[in-house]
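Asks: Note that the UniProt record's numbering has the sequence shown beginning at 1, numbered continuously upward. Virtual Cβ for every residue (Gly too), placed ideally from N, Cα, C. Predicted, not measured: the structure shown is a model, and the values here were computed from it. Following this message is one structure expressed as structure tokens.
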Amino acid sequence: MPAIDETCYRAFDLGVRAVNAYNLVLKSVRFRDSKIEIQNTLFDVPGRLVVFGVGKAALGMLRAVFNVLGARIDSAIGCVPQPTENELSDEGL
Numbered sequence: 001m002p003a004i005d006e007t008c009y010r011a012f013d014l015g016v017r018a019v020n021a022y023n024l025v026l027k028s029v030r031f032r033d034s035k036i037e038i039q040n041t042l043f044d045v046p047g048r049l050v051v052f053g054v055g056k057a058a059l060g061m062l063r064a065v066f067n068v069l070g071a072r073i074d075s076a077i078g079c080v081p082q083p084t085e086n087e088l089s090d091e092g093l
């Protein structure tokens, strides 16, 4: 049986991962049939695709959007607090 402190740490870690901006966007955004699907709603993309994010979670959200949409994005703007080394690395995901 794991120690109480280990169980608490694991529960906290799972909770943090569940609300991680990167993970939430990956679960919510898809690209299919030349359309963007966000939480089961389809949006046509007739022209340029510009994405933007603002706030503490924006870096993770933008990274996930780039992961899903990649070369389909024409440009992006992000306004975030100064990120940590961990947030800039792949480990920050």
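If I follow the unbroken beta strand (DSSP E) through threonine 84, where does it start and stop?
Replies: First-last for threonine 84: undefined, no H or E at that position.
Asks: Is tyrosine 9 buried or exposed, if buried means 16 or more other CB atoms sit within 10 Å of its CB?
Replies: Exposed, because fewer than 16 other Cβ atoms sit within 10 Å of the Cβ of tyrosine 9.
Asks: Identify whether arginine 48 lies in helix, strand or coil by the three-state DSSP scheme.
Replies: If DSSP states are grouped into helix, strand and coil, arginine 48 belongs with coil.
Asks: Where does glycine 53 fall in DSSP's three states?
Replies: Residue state, collapsed to three classes: strand.
Asks: According to DSSP, what are the bridge partners of glutamate 37?
Replies: Partner(s): Arg30, Leu42.
Asks: Would the beta-carbon of methionine 61 be found less than 7 Å away from any heavy atom of the ligand NAD?
Replies: As presented, the structure is devoid of all ligands, the ligand NAD included, so that no description of it is given.
Asks: Could you tell me if alanine 64 is buried or exposed, where buried requires 16 or more neighbouring beta carbons within 10 angstroms of its beta carbon?
Replies: Alanine 64 comes out buried.
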